[in-house]
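Asks:
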Amino acid sequence: MTRTVLHIILGVLLWVVFGFYWHLVMQQPIAEQTRRALVIVGTIVAVVTVFDWFWIFHNVRIARNSRRRERRAAAPFPRADFLGRTFTEQDDLLHRARYIEVSIIEMTDERESEGRKLFRVSDTVPED
2 MTRTVLHIIL GVLLWVVFGF YWHLVMQQPI AEQTRRALVI VGTIVAVVTV
52 FDWFWIFHNV RIARNSRRRE RRAAAPFPRA DFLGRTFTEQ DDLLHRARYI
102 EVSIIEMTDE RESEGRKLFR VSDTVPED
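Residues in the sequence shown are numbered consecutively from 2, following the numbering used here.
Spelled out as structure tokens, the structure:
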């Protein structure tokens, strides 16, 4: 309880110091460089705020049109690798696996781009 009261007193004291220093700053005359800096900072804040509003309204409009309400479908598993070898044992577990073992089960001449690969979900993840 005393810790909470101490934090409240410290917070109020810091706000009073903050207000006092702003009072001192506001007593100073505003120079041309200060006005230019305020315009630049104000413009940047306004541009970022307007961009954020457009982005929020864009996402709200998309949500209203019933898109993005479900998880994106997993990409279809390829039928063959870049050498043309077909894959076997394709199932849904492969898409959720953390580690997949790949074995070439039928190998022919590499230039003919034939052969098959076997994909299996591994029980263990190898150490690097």
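Glycine included, every Cβ here is placed at the ideal spot set by N, Cα and C. Model, not experiment: these values are computed from the prediction.
Look up A38 in the DSSP assignment and say whether it is helix, strand or coil.
Replies: Against the sequence shown, residue 38 aligns to sequence position 37. It is helical.
Asks: When you compare only the Cα positions, how much space is there between A76 and E33?
Replies: Stepping through the sequence shown from its first residue, residue 76 is reached at position 75. Stepping through the sequence shown from its first residue, residue 33 is reached at position 32. Straight-line spacing of the CA atoms in A76 and E33 works out to 58 Å.
Asks: Looking only at DSSP bridge pairs, what is A74 linked to?
Replies: Position 73 of the sequence shown, counted from the start, is the residue given in the question as residue 74. BP columns for A74 are empty, so no partner.
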